[in-house]
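Worksheet: the structure to be examined is printed underneath.
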Amino acid sequence: MKTSEMELPEHLYTKTTSPCGTMTKFIIAPDKLISWAEGGRGDAIAGLCHTVYEKKIAGIDAWERDRILQLEDEWMTAGNDEDMYGRKFVNVKHYHTTREDVAREAGRKRTNAREQMIEHQNAVEELVQEAREFISAHHLHHEEDNILAYLLTIGAIGAVAYVLAT
0 MKTSEMELPE HLYTKTTSPC GTMTKFIIAP DKLISWAEGG RGDAIAGLCH TVYEKKIAGI
60 DAWERDRILQ LEDEWMTAGN DEDMYGRKFV NVKHYHTTRE DVAREAGRKR TNAREQMIEH
120 QNAVEELVQE AREFISAHHL HHEEDNILAY LLTIGAIGAV AYVLAT
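The sequence shown begins at 0 in numbering that gives the first Met the number 0 and counts up one residue at a time.
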């Protein structure tokens, strides 16, 4: 799953604009992402993915309901009078077959939505892990710089003390 496809809260992004002002880029801030993921009881990722899933399921339910109502309207407008060829039976059979097709398609869409929710959750968790690694590496680099500066300071103090002592 691409980072651009993930649905994350807006406050996790940092907005950067090019120097000429023609291009704006939104970048996920690693520290904000980790803080958000660990906030509360640590179930922010699961909560977000479940909310997205519920919206998709509501859309699928509405599609199924609308399609079934459309089929019922078509069946009612086709008429209920049976002619000598038994068309009423054919219309009823077509209605039930099509309704089963709609239910099957809705079930397939629900399954896909569930799989997408799991994929989305895994992708966000992977992104959080990458953010942790980035911050850890970045923080370690600053500590190395601080240690080097500390050692240079101690060396300079030692050199000054040696010069003064001799």
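Cβ atoms here follow ideal geometry from the backbone N, Cα and C, with glycine treated the same way.
Since the model is a prediction, treat every value here as computed from it, not as a measurement.
Residues Ile33 of the same chain have their beta carbon placed closer than 7 angstroms to that of Arg131, with the five preceding and five following residues left out of the count. Note that the C-beta distance between Arg109 and Ile56 is below 8 angstroms.
With respect to Arg107, Tyr52 sits apart: the two C-beta atoms are not nearer than 8 angstroms. In this structure the segment 149-158 does not lie against the segment 53-73, because fewer than three pairs of beta carbons, one per stretch, are closer than 8 angstroms. Residues of the same chain with a CB within less than 6 angstroms of the CB of Thr97, apart from the 5 flanking positions on each side, are Leu70 in chain order. In the structure shown, the three-state DSSP call for Thr23 is strand.
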